[in-house]
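Beneath this line is the structure, given in structure tokens, with notes to follow.
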Amino acid sequence: MNAVQRFIRSKVLLLTAAILIAAMCLSVLVQGQSQAALNRTVDENSRGLYDVLVQAKAGSGELMQPEIANGGGGISFDQLENIRKLSGTSVAAPISLVSRVTQNLEAPRLDAMDYLGYNSGLAGTAATDQAAGATEPSKWPAAESVLGDTAKNYRLTASAVSSDGVSEQTLFKSSAEGSLGKARLLEEQTAGGTSIRIAPPAGETGIKFPAPAGGSEHNLFNLSVSLPLSPEVTESVVAVDPVSERALLGSAGDFLAPLEKAPPADARNAGAIGRHFESLFTNGISTEELNEGPDFLGVKLKYWAPLMTQYQLAKRSGQLTAESQAIPLIVRSGTSLDLKYNVKIEEIDAAGKVVKEVGTATRSLGKDYLPFVSKDPFALSWPGSTDHSGLFGSAGNFNQGLYTPATWSNDFAAAPKYTDGEAAANGAVQKTAVPSDWVTVNRLPEKGANGAPVDQTQREPVDERSYREDLATGEKLAAPLAMVYGTFDPSAVEKAAGDVNRLPLGGYDPTPFTLTKDAEGKSVTAAELKPSLSATGLASQSAGAITDFYGLAAARGYKDNASVIDAVRVRAKAPGSWKEAQPDVDKLASEIRGMGLEATVVAGSAREDASIFVPGYSKDDAGKESALGTVQQSWVRQNAADAVSGSLTGSNVTLLFLTLCGAALLTGASTVSYIRKRKREAGTLRAMGWTQLRIRKWVLEEFAVGAALLAVAGIVLSLVSWSVTTAIVSASVLVLYAAAAFFAAQQLRHRDEVDQEPQHDERLIPVDSPLTFANRQLSTNKFNTLSLAVAVGVFGAAVGGLVALLIDIPRAAGASALSALAATSVALPSVLLALAGVAVGLTLTLVTGRFELNAKRQYLGILEAMGWNPDMLRQVRLFENALVGTLALPLGVLGALGIGLLLAPYAALWAGVAGLVAVLCWIPIATKVVQ
């Protein structure tokens with residue numbers, strides 16, 4: 013009989029080799045799928061809108077903060093032009109922080125519906141102008157009012173509340189009392205005939221809050237009560253080149269199209285532009301132009317009314333000078349600032365006692381708020397009121413927009429600074445924000461509209477902690493004039509920037525902070541921080557407006573070609589994934605560095621949450637400062653794709669190696685145990701005159717067949733997968749199998765054995781229980797017992813190692829968003845690979861346990877004939893496996909701990925636990941299966 017026939021006849025060698033080959037095929041297939049999913053995930057999510065970030069001075073470390081428009085400048089327009097001329101440059105889009113802008117939101121008011129119906133003497137021709145969208149006089153509704161025919165006493169309590177996302181703060185609370193009632197129409201005789209006027213009811217005193225608030229007055233539609241001033245709101249402004257910015261953002265940047273038509277620098281004199289618009293009204297302007305906005309160099313200025321009113325007010329107050337420039341702006345739609353204005357309305361009697369709770373009118377800045385534009389964002393409505401002002405059509409909104417010019421400032425406008433702390437196990441770095449000075453908000457103006465001094469004791473100023481520094485400026489600043497060309501939606505820009513591969517665009521893509529721990533380090537419910545009123549805090553929202561670099565020069569007082577560009581975002585011409593484009597991107601970055609600039613390659617980067625400790629966030633009345641706690645913000649992890657791909661590929665390979673090498677070791681243990689059954693054949697051959705060498709060769713020929721099958725399987729798998737890893741792992745499995753074969757062949761050496769079993773030894777333990785019998789049987793067959801125990805121990809160690817690797821995958825992947833996505837993509841294949849390893853290992857240990865099955869059945873039959881019941885026989889099997897498991901426990905647990913410490917130190921303890929559980933689970937499984 014040749015070696016192949018003997019290999020097939022042996023069945024055990026054939027079975028174990030077949031199991032090992034099947035495990036190799038399955039494991040390589042699963043590992044290949046896992047690696048393909050990993051590569052696909054990394055490639056699809058590792059190239060953002062640009063490839064290289066150019067700065068005059070880049071931050072240290074591999075984590076890049078999102079506020080790249082930091083006001084530091086340092087890049088000149090000549091350098092920008094040189095970057096654009098490089099052969100590898102597709103787009104080079106500059107961006108800079110301009111300044112902070114503080115806007116007065118106008119005097120809030122409370123409108124109580126007091127609609128008097130149509131009256132030709134009051135409505136005039138406005139109601140008949142159908143072109144303006146006015147309602148025909150015959151269709152005006154009947155008069156209605158929320159006020160009584162006779163004046164009643166009311167108390168109004170106005171308050172403003174702001175929130176930083178963690179706690180609320182009442183900025184002021186002020187009350188005023190007076191009587192209000194339904195207005196009436198009075199017809200009076202005049203020299204030219206009769207006139208109609210609106211008069212208050214008899215006995216109405218009106219309601220007047222302290223200055224600078226006005227009083228109350230009736231009009232055709234409402235009774236309006238002037239309320240205390242709301243706090244000023246501060247925004248930031250950034251500058252871009254609209255042409256290159258649109259090229260960078262694609263269709264998401266179309267909102268910048270009007271900015272491309274802005275006049276050149278020498279045609280932006282604020283006085284000249286203001287006089288141009290005044291001339292339009294002097295010469296006459298159509299209703300269509302009022303609705304769509306007058307044309308200005310090819311742009312319909314929809315928001316012309318704020319421009320006009322702010323220009324006229326700034327001219328009268330002397331704010332505008334001959335040097336003042338108009339700054340074209342694209343303003344943000346909506347705000348994330350949490351500022352709420354409330355008015356509580358109570359009806360009272362003559363003694364001031366509350367008779368009736370009328371209700372509370374509330375309004376917040378929200379999605380409808382437009383910086384530089386929104387008129388009366390805090391126009392509140394009396395409960396039950398209906399707005400009838402639309403009956404006049406568009407003419408009713410003729411003066412829509414803010415009246416007061418904004419105040420531009422470069423104080424506390426730069427990006428925050430941070431210091432580095434300790435790094436976590438997954439590579440995340442702890443940061444600490446660097447506090448700056450305190451900024452005071454919630455102040456009232458020194459004088460009212462009539463020039464009278466304002467009582468400053470009405471409200472307490474509020475100090476807000478700034479984490480920003482001042483910006484550098486040029487010559488003496490001249491107050492600019494805002495020209496709003498359009499609006500943009502920051503959420504649309506954020507969406508265009510991507511998710512996992514999102515790179516910071518600058519000040520107009522929002523990057524929120526989320527509070528995760530308090531000042532004592534205890535976890536708290538996640539809360540997003542809101543921007544402060546002063547806009548100098550750590551948290552910021554999208555820039556309130558975007559201008560061009562001529563606008564920056566006007567706002568910061570520069571006239572020459574100063575180096576004011578904070579960053580240039582460069583997209584390379586190289587197509588394909590980050591890996592395919594990497595050589596060209598690296599070459600482009602090297603050429604930019606040759607210009608004396610710092611070029612950071614961000615292709616292959618991903619966003620990552622940075623943990624930032626915030627000290628000195630607030631202070632009490634005694635001036636004692638308190639920390640906020642720890643917040644998280646999305647930063648950018650450079651080289652994330654390389655790190656994630658490398659670490660998870662390593663985990664994949666290690667899983668494959670551990671699965672197959674563990675299976676090979678178990679195959680070896682099974683083979684060694686089985687070969688002991690061939691001793692009788694070896695003895696017969698020795699009696700026939702065979703030498704020890706010939707007998708060993710005879711056995712090794714059978715193993716050579718199995719080795720050949722493994723080699724063929726390894727070669728085929730390596731060629732199919734075209735992977736060096738597969739070839740190395742297959743070779744390792746083959747080496748382990750060959751080593752086990754040589755060790756097994758050594759067990760056939762002839763040894764003289766003397767039966768030393770004592771016949772009358774009083775130390776022999778009588779067999780009176782299943783446990784005693786099981787112990788006696790295992791002691792008698794020590795070699796087979798130890799072989800099985802080693803196999804079970806190796807099984808436990810392998811399971812522990814596989815579990816440790818699975819647990820360690822999230823840590824090994826890193827802390828970036830790409831890490832989480834990539835780890836998720838390989839999670840299922842990795843679990844399947846580990847389960848395959850566990851299943852193969854368990855199968856091989858069970859095969860090893862069946863080698864003595866016939867002998868066991870014989871002595872169990874004898875015990876049954878002696879009167880042992882089925883429960884006792886089952887206990888014998890259970891105790892035999894339990895004793896084997898006890899012997900295997902040290903090897904399984906210690907082996908798992910060792911593998912865990914070597915491959916996944918952070919999960920070593922779990923490896924030991926998994927090894928323990930695997931051995932304990934083997935005991936009942938073996939008892940049930942092998943019987």
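Each residue of the sequence shown is one higher than the last, beginning at 13 in my numbering.
Ideal placement from N, C-alpha and C gives every residue a C-beta, glycine not left out.
DSSP state of residue i mapped onto helix, strand, coil
i       : result
Glu-769 : Its pLDDT being 49, under 50, Glu-769 is placed unreliably by the model, and nothing is read from it.
Trp-316 : helix
Phe-410 : Low confidence applies to Phe-410: its pLDDT is 44, below 50, so where it sits in the model is not reliable, and the reading given next is rough at best. Looking at Phe-410 - three-state DSSP - the assignment turns out to be coil, as it is neither helix nor strand.
Thr-797 : helix
Leu-932 : helix
Asp-350 : strand
Tyr-430 : strand
Ala-926 : helix
Met-76  : strand
Ala-139 : With a pLDDT of only 49 at Ala-139, under the threshold of 50, the placement of this residue in the model should not be trusted, and no figure is reported.
Thr-182 : strand
Asp-5   : Since the first residue shown for the chain is 13 and the last is 943, residue 5 is missing from the structure and cannot be characterised.
Ala-124 : strand
Ile-297 : coil
Ser-281 : Correcting the residue identity first, residue 281 is Asn in this sequence and not Ser. Of the three classes helix, strand and coil, the one that applies to Asn-281 here is strand, per DSSP.
Val-888 : helix
Met-700 : coil
Thr-523 : coil
Phe-390 : coil
Lys-305 : Residue identity differs from the one stated: residue 305 is Gly in this sequence, not Lys. DSSP places Gly-305 in coil when its eight states are reduced to three.
Lys-194 : coil
Residue-chain proximity (residue i, chain D), Cβ-Cβ < 8 Å
i       : result
Ser-191 : Among the protein chains of the structure shown there is no chain D, as only one such chain exists.
Which listed residue (the options) has its alpha carbon closest to that of residue i
i       : options                               : result
Gly-364 : Thr-182, Gly-371, Arg-167 and Pro-516 : Arg-167
Ala-803 : Gly-904, Phe-233 and Thr-526          : Gly-904
Asp-883 : Leu-746, Ile-935 and Leu-783          : Leu-783
Val-739 : Ala-251, Gly-44 and Arg-698           : Per the sequence shown, residue 739 should be read as Ala rather than Val. Nearest of Ala-251, Gly-44 and Arg-698 to Ala-739, Cα basis: Gly-44.
Thr-528 : Glu-714, Val-178 and Ala-15           : Val-178
Phe-807 : Lys-794, Ala-757, Ala-839 and Gly-849 : Gly-849
Gly-190 : Ala-362, Gln-17 and Ser-345           : Ala-362
Gly-556 : Leu-38, Ser-111, Asp-63 and Lys-97    : Ser-111
Glu-532 : Ala-15, Val-643, Glu-713 and Ser-503  : Val-643
Thr-523 : Ser-554, Ser-730 and Ala-155          : Ser-554
Ala-445 : Ala-622, Ile-577, Thr-797 and Asp-578 : Ala-622
Glu-247 : Ser-150, Pro-383 and Ala-338          : Pro-383
Leu-351 : Ser-503, Asp-432, Ala-274 and Pro-243 : Pro-243
Run of the alpha helix (DSSP H) containing residue i, from where it starts to where it stops
i       : result
Asn-94  : 89-97
Lys-709 : 704-733
Phe-754 : 736-758
Glu-476 : Counting along the chain, Glu-476 falls outside any alpha helix (DSSP H), though it belongs to the beta strand (DSSP E) covering 474-477.
Lys-507 : 502-508
Leu-271 : 269-272
N- and C-terminal bounds of the beta strand (DSSP E) containing residue i
i       : result
Leu-168 : 164-175
Leu-371 : Residue identity differs from the one stated: residue 371 is Gly in this sequence, not Leu. Residues 366-376.
Val-103 : 101-115
Thr-559 : 557-559
Pro-340 : 338-344
Ser-535 : 535-540
Cβ contact (3+ pairs, closer than 8 Å) linking the segment 82-98 and the segment 622-629: no
Contiguous beta strand (DSSP E) assignments of at least 3 residues, all confined to the segment 202-253: 205-211, 228-230, 234-238 and 245-252
Please give the ranges of any beta strand (DSSP E) in the segment 588-640, keeping only runs that are unbroken, at least 3 residues long and fully inside the region. 610-613 and 618-626
Would you be able to state if there are at least three C-beta pairs under 8 Å between the segment 650-665 and the segment 533-548? no
Counting pairs of Cβ atoms below 8 Å between the segment 102-114 and the segment 215-226, do you hit three or more? no
Three Cβ pairs or more, each shorter than 8 Å: is that satisfied between the segment 37-57 and the segment 601-610? no
Inter-stretch contact (C-beta, 8 Å, three-pair minimum) for the segment 470-490 and the segment 419-427: yes
With a threshold of 8 Å, are at least 3 pairs of Cβ atoms found where one atom belongs to the segment 832-839 and the other to the segment 805-823? yes
Is it true that the segment 368-388 meets the segment 187-201, where meeting means three or more beta-carbon pairs spaced less than 8 Å apart? no
Quick check: the segment 513-523 against the segment 290-308, are at least 3 beta-carbon pairs closer than 8 Å? no
When you compare the segment 572-589 with the segment 75-82, are there three or more beta-carbon pairs, one atom per stretch, that lie closer than 8 Å? yes
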